[in-house]
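Here the structure comes first, spelled out in structure tokens, and everything after it is commentary.
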């Protein structure tokens, strides 16, 4: 196709991509991409499919492999694709992740989780929003530039990375450590991994994240003779409630910039203890997911948990251990006056007709690692807010609209 004339023509072409978007989803959603920690073997199968698509539209495509002996091929793949612009000293990057969380309880789904099911304007399936929305939007931007033979004023880069759901060690962290200079401080970075339903919210800050494994040790025994045992299950539940109460009481500040506005401390997973009903367990393990406002240090939270556990176990004569499963200290927020935020805000106004809002979130995204390198990053997409839920879904019209916003951010 001949060189496109003007932004309007480019944006109108996006409306023709509905079938492309559906078929792309149908191609990669059935391919599981679970981290070894979540019972999978990594992202290679999905990456190989996406490589076949990305290579059609980008000038250069390569894979950065992060060694991981637990995964297929002994590594975790990170796809880096580029379309050259007139000014090759600056790049607008879209960074999405290929991995997903497991589907959870299948009985709660009304559709097959690993199949892109289309119902009207909605596409259902595990990972269609988190982070299939970002993958599809990022690829579609490349397709538009390719199909219309548009050479953008600056480079357009797409990174499809691994391991976002379980700490990013083999994903964006690895890329930033091993390929210093790939993403430059002058570059523009958009991470389509959180947002609002009207597409107005640009995330500029994230809470600190602390995942804890809390283990209580008692004495195993027969359930008919509780006096000769020390029930770690009962004590573990009691301790978990005490930790929960203390953390919410001590770290109770609110910051209206964030949604939710307070720190959150949630007991989540419980490890299996005994197989049979008539045995009193001697060990109980519960996990906490803590999302902490930047005004508090994660060391303060950890110290508080240890203090509660020490006092509790001294009183009840049980043992305990507190282990950090995952820790992400908060990074400096992105300045709303930075170029990427200003470009994105103008593009949102052009395409969606709404004013951009700048907020912080409790979720963790790749942006925090980019911000830690001193590089401004905007987290943004039009969200359905169904990530990690049964019947996760996206609205096709939202994806199309977001493709337009990213294109406007590049071409304006």
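Residue numbers (my numbering): 295 to 706.
Idealized CB from N, CA, C, for every residue including glycine.
Hey, could you find the ends of the alpha helix (DSSP H) residue i is sitting in?
| i | result |
| --- | --- |
| residue 537 | 526-544 |
| residue 674 | Element bounds for residue 674: n/a, residue is neither H nor E. |
| residue 436 | 426-441 |
| residue 484 | Here residue 484 belongs to no alpha helix (DSSP H); instead the beta strand (DSSP E) covers 482-485. |
| residue 262 | Since the displayed the chain opens at 295 and closes at 706, residue 262 lies outside it and no answer follows. |
| residue 306 | 300-308 |
| residue 470 | 466-472 |
| residue 660 | Element bounds for residue 660: n/a, residue is neither H nor E. |
| residue 312 | 312-322 |
If distances are taken between C-alpha atoms only, which option among the options comes closest to residue i?
| i | options | result |
| --- | --- | --- |
| residue 648 | 495, 631 and 625 | 495 |
| residue 633 | 369, 385 and 355 | 385 |
| residue 551 | 697, 364 and 500 | 500 |
| residue 553 | 603, 651, 534 and 346 | 651 |
| residue 336 | 629, 538, 394 and 374 | 394 |
| residue 538 | 512, 346, 506 and 523 | 506 |
| residue 638 | 419, 474 and 706 | 706 |
| residue 536 | 546, 561, 688 and 459 | 561 |
| residue 702 | 636, 455, 681 and 673 | 636 |
| residue 654 | 548, 380, 449 and 479 | 548 |
| residue 556 | 584, 568, 531 and 367 | 584 |
| residue 576 | 614, 586 and 359 | 614 |
| residue 531 | 610, 674 and 658 | 610 |
| residue 680 | 569, 417, 369 and 362 | 417 |
| residue 374 | 327, 455 and 399 | 455 |
| residue 659 | 465, 472, 698 and 563 | 465 |
| residue 366 | 383, 339, 352 and 474 | 339 |
| residue 261 | 606, 471 and 460 | Residue 261 lies beyond the range of the chain shown here (295 to 706); nothing can be said about it. |
| residue 472 | 676, 359 and 569 | 359 |
| residue 588 | 566, 568, 546 and 608 | 546 |
Since residue i contacts residue j with CB under 8 Å, what's their CB separation in whole angstroms?
| i | j | result |
| --- | --- | --- |
| residue 542 | residue 559 | 6 Å |
| residue 574 | residue 525 | 5 Å |
| residue 442 | residue 307 | 6 Å |
| residue 612 | residue 529 | 5 Å |
| residue 371 | residue 357 | 5 Å |
| residue 434 | residue 316 | Incorrect: roughly 12 Å between the Cβ atoms, too far for contact. |
| residue 628 | residue 670 | 5 Å |
| residue 376 | residue 404 | At roughly 40 Å, the Cβ-Cβ gap does not stay under 8 Å, so residue 376 and residue 404 are not in contact. |
| residue 618 | residue 504 | 7 Å |
| residue 420 | residue 594 | Wrong, their Cβ atoms sit about 36 Å apart, outside the cutoff. |
| residue 449 | residue 512 | About 60 Å separates the two Cβ atoms, so there is no contact after all. |
| residue 396 | residue 333 | 7 Å |
| residue 304 | residue 444 | 6 Å |
| residue 487 | residue 673 | 6 Å |
| residue 319 | residue 436 | Going by Cβ atoms, the distance from residue 319 to residue 436 rounds to 16 Å, so no, they are not a contact pair. |
| residue 484 | residue 700 | 6 Å |
| residue 592 | residue 502 | 5 Å |
For the beta strand (DSSP E) containing residue i, list its first residue and its last residue.
| i | result |
| --- | --- |
| residue 578 | 577-586 |
| residue 455 | 448-455 |
| residue 563 | 558-564 |
| residue 497 | 495-500 |
| residue 651 | 651-655 |
So is residue i in contact with chain C if we call contact Cβ pairs under 9 Å?
| i | result |
| --- | --- |
| residue 438 | Looking for chain C here will not work: only one protein chain is present. |
Does the ligand ADP have even one heavy atom less than 8 Å from the beta-carbon of residue i?
| i | result |
| --- | --- |
| residue 406 | Looking at this structure, you won't find the ligand ADP or any other ligand, since it has none at all. |
Worksheet entry | Segments of 4+ residues assigned as alpha helix (DSSP H) that fall wholly inside the region 335-421 | Qualifying alpha helix (DSSP H) stretches, in chain order: 338-348.
Worksheet item: Taking one C-beta from the region 411-429 and one from the region 314-330 each time, how about it: are there three or more such pairs within less than 8 Å?
Response: The region 411-429 vs the region 314-330: in contact.
Practice prompt. Scan the region 591-638 and note each continuous alpha helix (DSSP H) run of 4 residues or more that stays entirely inside, going in chain order.
Written response: Runs found: 592-610.
Fill in: Three or more C-beta pairs below 8 Å linking the region 656-668 and the region 401-420
Too few Cβ pairs lie closer than 8 Å, so no.
Worksheet item: Is the region 690-699 touching the region 609-625 in the sense that three or more CB pairs, one from each, lie closer than 8 Å?
Response: Short answer: they don't touch.
Worksheet item: Is it a yes or a no for the region 637-644 touching the region 585-604, going by three-plus beta-carbon pairs under 8 Å?
Response: No: fewer than three Cβ pairs fall under 8 Å.
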